[in-house]
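Trainee: Shown below is the structure under consideration.
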Amino acid sequence: MNYSRFITTVSAARKESPIRLLTELMQRSPPSLISLAGGAPNPNVFPFKKATVAIGHGNAVEIGEDLMKRALQYSASAGIPELLSWLKNFQRNLHNPPTANYSPEQGQMEVCVTTGSQEGLCKVFEMLINPGDNILLDAPTYAGTLAALRPLGCNIINVPSDQHGIIPNALKEILSAWSPEDIKSHRHSLPKFLYTIPNGCNPTGNSLTAERKKEIYQLARKYDFLIIEDDPYYFLQFEKIMISQLLQQWGEKGFLEHIDRVVEFYKTQRDAMLVAADKWLKGLAEWYPPAAGMFLWIKIKGVSDTEQLIMEKALQKEVLLVPGRAFNINSSEPSSYVRASFSLSSPAQMDLAFRRLADLIKEA
Numbered sequence: 001m002n003y004s005r006f007i008t009t010v011s012a013a014r015k016e017s018p019i020r021l022l023t024e025l026m027q028r029s030p031p032s033l034i035s036l037a038g039g040a041p042n043p044n045v046f047p048f049k050k051a052t053v054a055i056g057h058g059n060a061v062e063i064g065e066d067l068m069k070r071a072l073q074y075s076a077s078a079g080i081p082e083l084l085s086w087l088k089n090f091q092r093n094l095h096n097p098p099t100a101n102y103s104p105e106q107g108q109m110e111v112c113v114t115t116g117s118q119e120g121l122c123k124v125f126e127m128l129i130n131p132g133d134n135i136l137l138d139a140p141t142y143a144g145t146l147a148a149l150r151p152l153g154c155n156i157i158n159v160p161s162d163q164h165g166i167i168p169n170a171l172k173e174i175l176s177a178w179s180p181e182d183i184k185s186h187r188h189s190l191p192k193f194l195y196t197i198p199n200g201c202n203p204t205g206n207s208l209t210a211e212r213k214k215e216i217y218q219l220a221r222k223y224d225f226l227i228i229e230d231d232p233y234y235f236l237q238f239e240k241i242m243i244s245q246l247l248q249q250w251g252e253k254g255f256l257e258h259i260d261r262v263v264e265f266y267k268t269q270r271d272a273m274l275v276a277a278d279k280w281l282k283g284l285a286e287w288y289p290p291a292a293g294m295f296l297w298i299k300i301k302g303v304s305d306t307e308q309l310i311m312e313k314a315l316q317k318e319v320l321l322v323p324g325r326a327f328n329i330n331s332s333e334p335s336s337y338v339r340a341s342f343s344l345s346s347p348a349q350m351d352l353a354f355r356r357l358a359d360l361i362k363e364a
C-alpha cells in the first residue's frame, strides 16, 4: 500500500538523524569496536547499579549491572532491539498480519515502542493530519483522543454506533457523499482515516463484532482510508479469546497466564458493578453489560445533561463519575450519560457509590 498520500508535508520532510543512525550501528557492532562518535553518558557514573523486581506468586527478576547499564543508556529510537524482536514475533503469533512478511518497499509491518498509547496516538495524528482534513470516529470515545485531535484543526465526522460498535451501514451512508471519481483522484476532502476502539470502547464498553469489522475493512479498501485501531483492551475481553492453546506453542506462557488472571479479576469486578447497578439504579438509568475493558456507560433517565449533576452535586454526596460530555466530539454538547469505572473500587464501595448516585438522581 502506498502511504504517501496520507503523510503530512512536515512529516514527509523528516529525515533520520545521523547521530541516531550511529547509535543503532553501534548496537550491531562487535565489542571490539572503539567508538569516538557518540555523545552517550558514561554508564559507570549511573546512580542505579542493579535491582530486584518482585513479581506475582513469589517470583523475582534480577537486573544485573550490565543489563542496568543498557536500560539507562541511549538506545535505538524505535526501542531496544530485543524488545522489538519479541513484540514483532508476538504480533505475528497473535494476529499474523499480512504485512509482517512484506518487504520494506511494500510497507512492511514495523513496531515502535512509545511511553504509552497516548503518545503513540499523538505521533500518528501529527504524522497524518493537516488542518481541514476529514477524519472519522465513533463518539462517544476516549477523551484523550479528542484532546489530541482538536488542536490539529481537522473536521471530525461522527459515525453512529450501538452496543456492538460502529454501524457499517451508517458509515457507508456517510462515505456515499464521495463519488468514485473523488476516490480515484484522492480528493483533499476524502476522509484520511477512521479511528476506533474495537474492543471494550472507552467509555461505552462496546465491542465490534467480527462481521462488522470485515464490513468496515471492505469500506476502508473501497474508499481508501486508513484504520487507526486503538486496542488497549484486547486482552480484557470477558468472552474467552482463543489464546490458551496458542500459548503452549509460542512459549509466552507466563505472560498469557497473567492475562488470564487479570481478565478473571476484571470480569469479577464488572459483575459486581452490574449487581450494584441492578440493585440501586433499576428504573433510574439504563446500561448494557460491557463486553471488555473497565467501564460501565450509564444513561441517566430524565436528566438531559449530567455535567452539573456530577461536577457539583455528586461531590457533595461523596461519589465521583465522569460526565458524558467529556467523550463527545463537541465537549459543550449535553449528555445524559456518565462513565463508571470498576477497576479500583471494591464491590462494597461500588454498592455504596451507586446507592449515593441513586439518591442524587431522585433529588435531581
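Numbering (UniProt numbering), first residue to last: 1 to 364. No residue lacks a Cβ here, since even glycine has one placed at the ideal position from N, Cα and C.
Evaluate the contact criterion for the stretch 185–203 versus the stretch 130–148: three or more CB pairs, one atom per stretch, below 8 Å.
Mentor: yes
Trainee: Helix, strand or coil for ILE183 per DSSP?
Mentor: In the sequence shown, residue 183 corresponds to position 183, counting from 1. Three-state DSSP puts ILE183 in a helix.
Trainee: How many Å lie between PRO81 and ALA170 at the Cα?
Mentor: By 1-based counting over the sequence shown, the position of residue 81 is 81. By 1-based counting over the sequence shown, the position of residue 170 is 170. One C-alpha to the other measures close to 43 Å.
Trainee: Suppose the cutoff is 7 Å on Cβ atoms and the five residues either side in sequence are ignored; what does the same chain contact list for THR306 look like?
Mentor: As a position in the sequence shown, residue 306 is number 306, starting the count at 1. Excluding sequence neighbours, THR306 sits near ILE300, PRO323, GLY324, SER335, SER336, TYR337, VAL338.
Trainee: For ASP230 and TYR142, which I take to be in contact (beta-carbon distance under 8 Å), what is that distance rounded to the nearest angstrom?
Mentor: In the sequence shown, counting from the first residue as 1, residue 230 sits at position 230. In the sequence shown, counting from the first residue as 1, residue 142 sits at position 142. With a Cβ gap of about 7 Å, ASP230 and TYR142 count as contacting.
Trainee: On the premise that THR99 lies in contact with GLN91, defined as a C-beta separation below 8 Å, what is that separation, rounded to the nearest angstrom?
Mentor: For this step, residue 91 is matched to residue 91 along the sequence shown. For this step, residue 99 is matched to residue 99 along the sequence shown. That pair is no contact at about 10 Å.
Trainee: Between LEU309, ILE174, ASN130, which lies nearest to ALA364 when the distance is taken from Cα to Cα?
Mentor: Taking the sequence shown and counting its residues from 1, the one referred to as residue 364 is at position 364. Here the closest residue by C-alpha is LEU309.
Trainee: Which first and last residues belong to the beta strand (DSSP E) in which ALA148 is found?
Mentor: In the sequence shown, the residue the question calls residue 148 occupies position 148. Counting along the chain, no beta strand (DSSP E) covers ALA148; the unbroken alpha helix (DSSP H) around it starts and ends at 143–149.
Trainee: With DSSP run on the structure shown, which of helix, strand or coil describes GLU16?
Mentor: Taking the sequence shown and counting its residues from 1, one reaches residue 16 at position 16. If DSSP states are grouped into helix, strand and coil, GLU16 belongs with coil.
Trainee: Would you identify the three-state DSSP class for GLU24, choosing helix, strand or coil?
Mentor: Your numbering for residue 24 matches position 24 in the sequence shown. The answer is helix: DSSP assigns GLU24 an H, G or I state.
Trainee: Runs of 4 residues minimum, wholly inside the stretch 168–236: which ones carry the alpha helix (DSSP H) assignment?
Mentor: 168–175, 180–185, 210–223
Trainee: Output needed for PHE125: all residues of its chain with C-beta closer than 7 Å, excluding positions within five of it in sequence on either side, in chain order.
Mentor: As a working mapping, residue 125 is identified with position 125 in the sequence shown. Result list for PHE125: ALA148, LEU149, LEU152, in chain order.
Trainee: What's the gap between the Cα of SER11 and the Cα of MET1?
Mentor: Position 11 of the sequence shown, counted from the first residue, corresponds to residue 11. Position 1 of the sequence shown, counted from the first residue, corresponds to residue 1. Each residue's Cα considered, the two are about 18 Å apart.
Trainee: Leaving aside the five residues before and after TYR3 along the sequence, list all residues of the same chain whose C-beta is less than 7 Å from its C-beta, in chain order.
Mentor: The count along the sequence shown starts at 1 and reaches residue 3 at position 3. For TYR3, where only same-chain residues beyond five positions count, the Cβ hits under 7 Å are GLY107.
Trainee: Is PHE295 helix, strand or coil by DSSP?
Mentor: Here the question's residue 295 lines up with position 295 in the sequence shown. DSSP places PHE295 in strand when its eight states are reduced to three.
Trainee: Going by DSSP, what residues sit across from GLY165 in a beta bridge?
Mentor: The count along the sequence shown starts at 1 and reaches residue 165 at position 165. The partner list for GLY165 (beta bridge, DSSP) reads ASP162.
Trainee: To the nearest angstrom, how far is the alpha carbon of MET68 from that of TYR74?
Mentor: Translated into the one-based positions of the sequence shown, residue 68 becomes position 68. Translated into the one-based positions of the sequence shown, residue 74 becomes position 74. Straight-line Cα distance between these residues: approximately 12 Å.
Trainee: So what does DSSP say about THR52, is it helix, strand or coil?
Mentor: To locate residue 52, count along the sequence shown from 1; it is residue 52. In the structure shown, THR52 adopts extended strand secondary structure according to DSSP, grouped into three states.
Trainee: Are the beta-carbon atoms belonging to THR52 and ALA40 less than 8 Å from one another?
Mentor: Walking along the sequence shown from the start, residue 52 turns up at place 52. Walking along the sequence shown from the start, residue 40 turns up at place 40. No, Cβ-Cβ distance for THR52 and ALA40 is not below 8 Å.
Trainee: Could you tell me the alpha carbon to alpha carbon distance between SER345 and GLU264, rounded to whole angstroms?
Mentor: By one-based count along the sequence shown, residue 345 stands at place 345. By one-based count along the sequence shown, residue 264 stands at place 264. The straight-line gap from Cα to Cα measures roughly 16 Å.
Trainee: Going by DSSP, name the residue or residues bridged to LEU152.
Mentor: As a position in the sequence shown, residue 152 is number 152, starting the count at 1. According to DSSP, LEU152 bridges with nothing at all.
Trainee: Using a Cβ-Cβ cutoff of less than 7 Å, which residues in the same chain neighbour GLY38 once the five nearest sequence positions on both sides are dropped?
Mentor: Taking the sequence shown and counting its residues from 1, the one referred to as residue 38 is at position 38. Once the five neighbours on either side are set aside, the close Cβ partners of GLY38 are LEU22, THR23, MET26.
Trainee: With distances taken from CA atoms, which of SER185, LEU83, ILE216, ASN158 is nearest ASP168?
Mentor: For the purposes of this step, residue 168 is identified with residue 168 of the sequence shown, where counting begins at 1. A small fix is needed here, since residue 168 is Pro in this sequence, not Asp. Checking every option, the nearest Cα to that of PRO168 belongs to ILE216.
Trainee: Pull the bridge partners of VAL338 from the DSSP assignment, please.
Mentor: Here the question's residue 338 lines up with position 338 in the sequence shown. VAL338 is bridged to ILE298, PRO323.
Trainee: Quick check on DSSP: helix, strand or coil for GLU105?
Mentor: In the sequence shown, the residue the question calls residue 105 occupies position 105. It is helical.
Trainee: Can you tell me which of the three DSSP states GLU62 falls into?
Mentor: Here residue 62 is taken as the residue at index 62 of the sequence shown, counted from 1. Looking at GLU62 - three-state DSSP - the assignment turns out to be strand.
Trainee: Below 8 Å between beta carbons: does that hold for TRP280 and ALA358?
Mentor: By 1-based counting over the sequence shown, the position of residue 280 is 280. By 1-based counting over the sequence shown, the position of residue 358 is 358. Yes, the Cβ-Cβ distance between TRP280 and ALA358 is below 8 Å.
Trainee: Within its chain, find whatever has a CB closer than 8 Å to the CB of LEU320; leave out the 5 residues flanking it on each side and keep chain order.
Mentor: Residue numbering aside, residue 320 sits at position 320 when the sequence shown is read from its first letter. So the list reads ILE310, ALA314, once near-sequence residues are dropped.
Trainee: Select from GLY205, GLN349, ALA13, GLY144 the residue whose C-alpha is nearest the C-alpha of PRO289.
Mentor: Taking the first residue of the sequence shown as 1, we reach residue 289 at position 289. Checking every option, the nearest Cα to that of PRO289 belongs to GLY205.
Trainee: What residues are listed by DSSP as bridge partners for LEU136?
Mentor: The sequence position of residue 136 within the sequence shown is 136, counting from 1. ILE157, LEU194, per the DSSP bridge assignment.
Trainee: Just the Cα atoms here: how many angstroms apart are ASN328 and CYS201?
Mentor: Here residue 328 refers to the residue found at position 328 when the sequence shown is read from its first residue. Here residue 201 refers to the residue found at position 201 when the sequence shown is read from its first residue. When rounded, the distance between both Cα atoms is 14 Å.
Trainee: Pull up the distance between the alpha-carbon of ILE361 and that of ASN330, whole angstroms please.
Mentor: Translated into positions along the sequence shown, residue 361 becomes position 361. Translated into positions along the sequence shown, residue 330 becomes position 330. Looking at the backbone, the Cα of ILE361 and that of ASN330 are separated by about 25 Å.
Trainee: Does the count of Cβ pairs from the stretch 207–227 and the stretch 175–189 closer than 8 Å reach three?
Mentor: yes
Trainee: Tell me the residue span of the beta strand (DSSP E) that contains ALA272.
Mentor: Along the sequence shown, read from residue 1 onward, the residue named residue 272 stands at position 272. Careful: ALA272 lies outside any beta strand (DSSP E), inside the alpha helix (DSSP H) at 253–280.
Trainee: Would you report the Cα separation of ILE227 and PHE342, rounded to the nearest angstrom?
Mentor: Here residue 227 refers to the residue found at position 227 when the sequence shown is read from its first residue. Here residue 342 refers to the residue found at position 342 when the sequence shown is read from its first residue. C-alpha separation (whole angstroms): 29 Å.
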